[in-house]
Amino acid sequence: RPVTAFPSVASPLESSGGLASVSDLLFAPSDLVVRPIVGNKKIERLPAPTLDTSRLPFEPLDAAAVEALSEPDLERHLARIHLPLSDKTPIPDKLAVLVYIETLSATPALADVLTNSQLGVMLVRILRGTKSDALRAKAALVLGTLARNASFVSPDLQQTGAMVALVAAVRDRDVKVRRRAIAALGELMFYVASQEDHAVVADIDSVEALPLADADEGWALPASVFQVLVRALRKEEEEVVC
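Count along the sequence shown from 1, then add 247; that gives the number in this note's numbering.
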């Protein structure tokens, strides 16, 4: 993880020069290729993020510059990013900050840092608490991008109710929020599945009440996650969501 390159795979007939066996037809190298959900143009073509730096209350840095920061400077920069998201900043300014986070989250090393910082917690809070459809949709998109590119997502994130928030967002009234949320949920579930030795299924709809000791052992998937996935696979569900 993350897998972003999709090598071309020759068909069994092309590679063997003759008739393919049943096993060749049932299984192919392409079955092992993990394709992204967030940002996958075959699912939905999203416009490239446009960053309005005039709305940022701090000096933006590109990904390389952020990676080069010392640990104290990095913590200060993250604090500057976090501040406008946690106060009564105008929605357009908050959207600009989320776009800035999105541009950084495509870098795996930074995705690790951002996901496991207070910014990850703040994204969940925005998804759960804001009345702005645009903010909820962008928060879900950034969460999905982080989950896609991070090599480690701390189980502590579930203490914020990340899974539950995404499940609720899949049922949102706004179609963009639903699309971004189901994609983010898929990326997060893929990560949890890759940690299957430590993942468990919870019989509860919220994991916020789990003791911290249990959270340290791994991710707990609320039963509502599977209910949402089953519903999304129904024929009457919109094609992009399912």
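Yeah, the Cβ is synthetic: ideal placement off N, Cα and C, and Gly gets one too.
Secondary structure at Leu468: strand, using DSSP grouped into helix, strand and coil.
Of all C-beta pairs linking the stretch 278-297 to the stretch 428-443, three or more are shorter than 8 Å, placing the two stretches in contact. From the listed residues Leu332, Asn396 and Lys341, the smallest Cα separation to Leu357 is found for Asn396. In its chain, beyond the 5 residues on either side, Ile338 have a beta carbon closer than 6 Å to the beta carbon of Ser379. If only uninterrupted alpha helix (DSSP H) runs of at least 4 residues are considered, those enclosed by the stretch 297-371 are 310-314, 318-333, 338-352 and 355-362.
Distance from the CA atom of Gln405 to the CA atom of Val269, rounded to whole angstroms, is 43 Å. When the five nearest sequence neighbours on each side are left out, the beta carbons in the same chain lying within less than 6 Å of the beta carbon of Ala386 are those of Leu370, Ile373 and Leu374, in order along the chain. Our two residues, Leu480 and Arg420, have alpha carbons roughly 18 Å apart in a direct line.
In this structure, DSSP gives Lys423 a helical state, which the three-state scheme calls helix. Taking 8 Å as the upper bound for CB-CB distance, Pro355 and Ser398 are in contact here, some 6 Å apart.
When rounded, the separation of the alpha-carbon atoms in Ala381 and Asp359 is 25 Å. For Thr377, the secondary structure class from DSSP, reduced to helix, strand or coil, is coil. If you look at Val414, you'll find it in the alpha helix (DSSP H) that goes Ala409 to Val417. Per the coordinates, the alpha-carbon of Arg425 lies some 19 Å from the alpha-carbon of Gly367.
In the three-state DSSP reduction, Val400 falls in the coil class, being neither helix nor strand.
Linking Ala326 to Ala343 through their CA atoms gives a straight-line distance of about 16 Å. When the beta-carbon positions are compared, Glu349 and Pro296 come within less than 8 Å of each other. Linking Gln365 to Gly408 through their CA atoms gives a straight-line distance of about 14 Å.
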